[in-house]
Structure formats: C-alpha cells, structure tokens
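See below for the structure under consideration.
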DNA sequence: CTGAAAGCGCTTACAG
DNA sequence: CTGAAAGCGCTTACAG
C-alpha cells in the first residue's frame with residue numbers, strides 16, 4: 001500500500017503538503033495540487049484511516065456492534081429496526097456481525113474492533129468469551145436472551161406461553177398439542193414451560209409435542225399429518241408464527257376447526273388473521289439501544305435487566 | 001481518556017509491560033499482571049483502537065458501509081439480507097448509516113470512515129458528494145437506483161410496469177387506474193412509464209392516477225373511495241405491495257371484482273394471494289455485494305451496471 | 001504557499 | 001520477566 005511518503009517522493013513535495021491536498025487542498029497552489037493528485041492516482045493511494053484518526057485525535061467511537069445468529073429471521077429485523085432508530089437518533093451506527101463458522105476467530109475480531117458497545121441478539125456467550133470482553137473492557141448487552149449475571153433486554157417468554165394457555169383454557173379447549181422448533185433454545189423452553197404449567201394448573205396436559213425446522217412448508221406437512229392423526233385435536237400452540245402459518249394452511253386444506261395460536265406477531269400475521277402472542281420486537285431493539293447507550297455514557301457498574309411483557313393478540317384463528 | 005502511559009505510571013511499570021498485559025498477559029509475572037489490571041480498572045482504561053491498528057500494521061479494512069433512506073421498509077431488509085449473506089461469507093461486515101437530518105455532516109463522516117466500500121441503497125448522490133467520494137478514493141455502488149455514469153445494481157422497473165400492463169391486457173381489462181406513492185422517485189416514474197406505455201401501445205389509457213403515502217390504512221381509504229367513485233374500474237396497479245394490501249382490504253369490504261396488482265412481492269403477499277411483480281430484492285443485495293467486492297479486490301476502472309429483471313407472480317387478486 | 005518536526009497511543013523486537 | 005526505543009501513517013502548528 002502506498003503511503004503519503006510515496007506520494008511526497010513521487011510528486012517532489014513534503015508530506016505536509018500531500019496531507020493538505022488530501023484534506024481539501026486549502027493553502028496549496030493549483031500546480032502543486034495537480035502534481036500531488038496525479039501521484040495519488042498513479043500510486044492508487046488510499047488514506048490509512050487508523051493513522052488519520054490517531055493523528056487527528058478524534059477517538060470518540062460511535063459504532064455499536066450487533067451480533068446475530070446465522071439465520072436472519074424477519075423477527076430479528078424488527079429488532080434491528082428498533083436498534084437502528086434509537087441509535088441513529090443519537091448519531092451512532094450499527095455494525096452487523098455473524099459469528100458463523102469460525103466463531104472463535106470472528107469473536108476475537110469483534111472484541112478487538114474497538115466498538116463503543118456490543119449487542120448480542122439471541123447469542124449466549126461462553127465464560128471464555130465473557131472474559132475476553134472483560135479484558136478489553138467492552139460494554140455489551142444481550143437482546144432476546146436472559147442471563148441473570150448480565151445486562152439484558154428480553155421478552156418474558158414464560159408469560160407468553162402462559163398467555164397462550166389462558167386463551168385456550170378460556171375457550172374450554174382441552175385436547176391441545178404443541179408444535180415447536182427442532183433446534184432447542186432458551187426461548188422455546190421458556191415458552192413451552194409457561195404454556196404447559198398453565199395448562200397443568202388447570203388440569204390439562206398436552207396431547208403431544210412435535211418438532212420441525214422452522215419453515216412454513218415443513219410445518220404444513222407436519223401439521224397436516226398431526227390433524228389427520230388426531231382428528232379430535234382442539235388447539236395447537238406453535239413456537240412461532242412462521243410455523244403457525246403452515247398450520248393455517250393445513251387446516252384450510254383439511255377443514256376442521258382446530259384453534260391455532262402462534263408466537264411473534266409478524267407483519268403477515270395481521271393480514272392472515274392469526275391469533276398470536278405478540279413479542280415486543282421493535283421495542284426490544286429500541287430499549288436495548290437505549291440501555292447500551294446509557295452503559296456507554298454513564299458507566300454504571302450495576303447490571304440492567306429489562307423484561308418486556310408479550311401480549312395476546314386475538315384474531316380469528 | 002486514560003492512556004497506556006497513565007496505567008504505566010500508576011502501576012509503576014513500563015508501557016511495554018502494560019501492553020503485554022492488555023494483550024493476553026503472556027510473559028508477565030502474576031504480581032505485575034495484578035498491579036496493572038488494578039490500574040486499568042481504577043482509571044477505567046479503554047484501548048485506543050486507532051493506535052492499536054496503526055501499531056499492529058493490520059490495515060486491511062473489511063467493513064462495507066450501507067447507506068439507507070430514513071424509512072426502513074421491509075423491502076430494504078430483503079436487500080440487506082442478501083448483502084449480509086454475500087458479505088459475511090467473505091468475512092466482511094456491514095455498517096449501517098442513515099443520512100437523515102444533517103446529510104452533509106453525516107455524509108462527510110461516512111466518507112472519512114475509511115470503509116472498504118460504500119453501498120447506497122435508493123440514495124441518489126449529488127455532484128459534490130461524488131467528488132468527495134472521489135477525493136477519498138472510495139469505492140461505491142448504487143443499489144436499487146440507476147445512474148448511467150456509476151456502478152449500480154437495480155431492478156428494471158420499467159419492464160416491471162410493462163409486465164403488469166401485459167397481465168391486465170391479457171385479461172382484457174381496459175378501465176385501469178394507478179395508485180402510487182405521493183413522494184416522487186425514480187422507481188415510481190419508471191414503473192409508471194413502463195405500465196402506461198405498454199397500455200398505450202394497446203390503445204388503453206389510464207382512467208386516473210391517485211397518490212398517497214405508503215401506508216396500508218391510507219391506501220385502504222383511498223382505494224375505497226376510488227372503487228366507490230369508479231364502480232366500472234376493472235384493474236388497479238399499485239406502486240407497491242403495501243399499498244396493494246389496502247386495495248385488497250377495500251375490495252373485500254366493498255365487494256366487486258376489480259383486479260389488483262402490486263409490486264415487490266413481500267413475504268405477506270404470498271399468504272394474501274396478491275398478484276404482483278416480484279422484485280429480486282435479495283438478489284439485488286447479493287449481487288451488489290459481489291459487485292462491490294470485485295471493485296475492491298480487482299480495482300477495475302470500468303463501471304458495472306447490472307439490471308435485474310422483475311417477474312410477474314400470478315396469484316388470485 | 002511549503003517543509004521539517006513533533007506527536008497521536010499503541011506494539012514489538014531487542015537487550016538485558 | 002521487564003524497560004527503553006523505534007516505528008506504524010498521518011495531521012498540524014510553526015517558521016519561513
């Protein structure tokens with residue numbers, strides 16, 4: 001990579017002059033300016049950002065890192081939207097990461113980025129990773145994940161599950177099944193626990209639990225089979241809306257009046273008339289952003305834990 | 001801000017030792033390590049990223065900036081998803097910006113960020129801005145915007161409009177209206193031009209054009225009024241799916257068999273059975289990422305212009 | 001209008 | 001295991 005020194009040598013001027021040209025060209029003669037610009041182009045010079053920042057002394061970092069799971073679900077985008085709006089309002093920017101394949105390497109890279117703060121969306125951290133964050137004195141926060149020793153903003157998934165159960169119990173349903181994500185996770189175990197406990201409290205136990213990958217088509221197949229095998233089923237609680245959509249389709253094809261309840265309340269759910277548990281996705285992002293900002297700006301030692309309540313949205317499914 | 005020097009002074013060691021502690025603590029006695037760590041905590045030290053980068057000599061930038069309009073539409077998220085997947089595959093990261101209020105300041109900031117490349121989504125650039133990019137020798141690319149003098153990846157909106165017209169003509173419709181976005185833009189003028197020209201070629205002219213803000217409710221109101229006032233209307237072409245959803249609702253409430261065609265093919269459109277023109281949003285992002293990467297890596301002087309074809313998706317609206 | 005020099009905050013051989 | 005020193009690539013008064 002060519003440096004300012006190379007430009008200075010090629011154009012026969014001092015490095016100070018090169019710098020002046022590169023910074024708008026004030027106090028430089030037209031002739032010198034041209035010479036320097038020619039050299040810049042010839043050597044395909046690109047300024048070194050780190051050196052500039054250091055020399056200028058403007059160290060204030062305004063970038064917040066966001067680490068997401070590989071699979072970018074529409075639901076995450078709602079969160080990101082909330083983050084984005086709260087952050088840009090304060091002139092912070094969002095840097096998106098994906099720990100993907102080589103988690104370890106990528107993680108080190110993220111920590112070393114010198115970010116003002118890091119947000120982990122639905123990403124649990126190992127003890128080793130936490131230590132690395134500590135060593136670099138990074139401020140960080142979990143979103144959509146609960147850890148009682150860390151800062152976090154999350155949905156009360158257990159309460160959400162209970163809400164779904166109460167709704168079904170209110171409709172006097174007793175033959176109820178659960179359709180979930182084949183990949184286990186904190187969100188699912190909480191939702192299911194809340195759902196099951198609430199049913200049990202009222203003397204109802206689940207007919208069965210089935211698991212698939214989160215995919216409308218897969219869920220359609222599974223739901224269809226389930227409805228055929230269990231014609232007396234009165235209600236199905238789905239781990240998320242996307243799975244519930246498959247249920248909606250199966251019910252339409254097969255007929256029958258099984259009640260379907262989802263979880264998330266994605267945009268399409270309103271149009272489809274799906275009864276569901278609304279997660280405050282946007283708000284989770286928004287509050288998460290506010291929270292990391294206060295962590296950065298006020299530097300309080302106490303941990304913040306914000307638990308947001310989900311909400312039952314009754315439509316006609 | 002405390003520097004490594006302050007830590008060294010407070011803990012009574014040399015700066016080299018402080019640095020060693022901060023970089024994993026190899027070759028440091030336990031005692032020294034503790035002293036230094038205490039000082040780090042006491043002074044609330046945070047490493048200066050610019051200085052680190054400069055000293056380490058690892059300048060390779062792997063961050064791509066993405067500049068979006070203020071309003072983050074679901075459609076943009078599809079694009080971002082495409083970008084994200086193509087970029088993370090090559091270990092690049094995404095930095096999101098919003099030129100918002102103080103465009104000029106923010107723009108300067110973006111240019112000075114030292115990004116590997118910058119992607120402008122649906123954001124036209126002024127001559128002055130282009131010059132500033134040039135001066136900093138930034139690689140950049142338009143997405144979802146056409147400019148014949150720049151690198152860009154965009155949808156053939158004109159062809160999309162024509163596709164919608166052909167579909168309606170094929171159904172022998174002749175009393176046709178257009179409902180658009182009240183904010184003018186290149187996308188809209190292209191779509192409408194393609195639509196109108198194709199109709200005209202077949203001797204059909206638009207009954208009327210109406211404009212609202214892009215909002216389902218607003219479109220519902222407008223569509224309802226339109227359908228009431230023009231009961232003989234046979235088709236409505238909407239600027240985008242979100243507007244078309246309002247039309248779908250109005251038609252449902254009012255009854256009547258007016259044909260509705262949208263543009264975008266958002267996720268919900270499949271579930272709602274909306275006939276629409278599918279924009280290759282994901283692919284635009286994906287190709288945009290590939291394109292900026294090749295710009296960065298091969299440094300070709302020629303401009304790349306990639307025009308992606310939209311596609312008619314016939315459902316039952 | 002221009003050049004030489006100091007300095008930004010760190011890392012990293014090097015010598016001990 | 002530790003300290004002193006050079007150097008990363010730039011900017012910015014300063015003197016001319």
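Residue numbers (my numbering), protein chains in the order written: chain A, 1 to 317; chain B, 1 to 317.
The C-beta atom is built at its ideal place from N, Cα and C for all residues, glycine as well.
Practice item. Please state whether DSSP places residue 220 of chain B in a helix, a strand or coil. Key: helix
Exercise for review: Give me the Cα-Cα distance between residue 247 of chain B and residue 141 of chain A, rounded to the nearest whole angstrom.
Suggested key: 42 Å
Exercise for review: Enumerate in chain order the residues of its own chain whose CB-to-CB distance from residue 190 of chain A is below 6 Å, with the five nearest sequence positions on each side excluded.
Suggested key: 157, 158
Practice item. Using a Cβ-Cβ cut-off of 8 Å, state whether residue 77 of chain B counts as contacting chain A. Key: yes
Check your understanding: Shorter than 8 Å from the beta carbon of residue 141 of chain B to some beta carbon of chain A?
Key -> no
Exercise for review: Below 9 Å between beta carbons is the criterion; list the residues of the segment 125-139 of chain B that meet it against any residue of chain A, in chain order.
Suggested key: 135, 136, 137, 138
Practice item. Answer with yes or no whether the minimum CB distance from residue 155 of chain A to chain B is below 8 Å. Key: no
Exercise for review: Give, in chain order, every unbroken run of the alpha helix (DSSP H) that is at least 4 residues long and sits entirely within the segment 31-107 of chain B.
Suggested key: 49-56, 74-89
Review point. Cα separation between residue 197 of chain A and residue 209 of chain A?
Key: 14 Å
Practice item. Within 10 angstroms of the Cβ of residue 223 of chain B, are there 16 or more other Cβ atoms? Answer buried if so, exposed if not. Key: buried
Check your understanding: Are the C-beta atoms of residue 46 of chain B and some chain A residue less than 8 Å apart?
Key -> yes
**Study point:** Straight-line gap, residue 90 of chain B to residue 75 of chain B (C-alpha atoms, nearest Å)
**Key:** 24 Å
Review point. Relative to the alpha-carbon of residue 78 of chain B, which residue among B/315, B/297, B/268, B/298 has its alpha-carbon at the smallest distance?
Key: B/268
Point to revise | 8 Å Cβ cutoff, residue 238 of chain A in contact with chain B | key: no
**Study point:** residue 180 of chain A in three-state terms, based on DSSP
**Key:** strand
Review point. Exposed or buried, which one is residue 200 of chain A when buried takes at least 16 other CB atoms within 10 Å?
Key: exposed
Practice item. Could you tell me the boundaries of the alpha helix (DSSP H) in which residue 264 of chain B lies? Key: Residue 264 of chain B -> not in any alpha helix (DSSP H); beta strand (DSSP E) instead, spanning 259-264.
**Study point:** Status (buried if at least 16 other CB within 10 Å, exposed otherwise) for residue 310 of chain A
**Key:** buried
Practice item. Spell out the partners DSSP gives residue 210 of chain A in its beta bridges. Key: A/179
Practice item. Figure out for me which residue from B/17, B/84, B/123 has the closest Cα to the Cα of residue 68 of chain B. Key: B/123
Point to revise | Closest by C-alpha distance to residue 204 of chain B, when choosing among B/219, B/26, B/234, B/238 | key: B/234
Exercise for review: Please look up how many angstroms separate the CB atoms of residue 65 of chain B and residue 135 of chain B, rounded, as I've assumed it's under 8 Å.
Suggested key: 16 Å between Cβ atoms; not a contact.
**Study point:** Contact belief for residue 195 of chain A with residue 211 of chain A at Cβ below 8 Å, rounded distance in angstroms
**Key:** Actually they do not touch by this definition, with Cβ atoms about 15 Å apart.
Check your understanding: Taking the runs of the alpha helix (DSSP H) that are 4 residues or longer, which of them lie wholly in the segment 149-205 of chain A?
Key -> 157-170, 186-201
Exercise for review: Could you name the residues that DSSP lists as bridge partners for residue 305 of chain B?
Suggested key: B/152
Exercise for review: Closer than 6 Å by C-beta to residue 303 of chain A: which residues in its own chain qualify, once you throw out the five before and the five after it? Chain order, please.
Suggested key: 151
Review point. Taking any Cβ of chain B, which residues in the segment 263-284 of chain A have a Cβ under 7 Å from it, in chain order?
Key: 267, 268, 271, 272
Exercise for review: Per DSSP, which residues does residue 313 of chain A bridge with? Please list them.
Suggested key: A/276
**Study point:** Cβ distance (whole Å) where residue 266 of chain B is taken to contact residue 241 of chain B below 8 Å
**Key:** 5 Å
Review point. Which same chain residues, not among the five before or five after residue 256 of chain B, have their C-beta less than 7 Å away from its C-beta?
Key: 227
Practice item. Please list the partners that residue 74 of chain B has in chain A, where partner means a Cβ-to-Cβ separation under 9 Å. Key: 74, 77, 267
Check your understanding: If you draw a straight line from the C-alpha of residue 188 of chain B to the C-alpha of residue 239 of chain B, how long is it?
Key -> 7 Å
**Study point:** Inter-residue spacing [alpha-carbon to alpha-carbon] between residue 99 of chain B and residue 110 of chain B
**Key:** 9 Å
Review point. So which of A/133, A/20, A/277, A/85 has the shortest CA-CA distance to residue 162 of chain A?
Key: A/277
**Study point:** Rounded straight-line distance, which links the Cα of residue 80 of chain A to that of residue 125 of chain A
**Key:** 20 Å
Exercise for review: Answer yes or no: does any C-beta atom of chain A fall closer than 8 Å to that of residue 177 of chain B?
Suggested key: no
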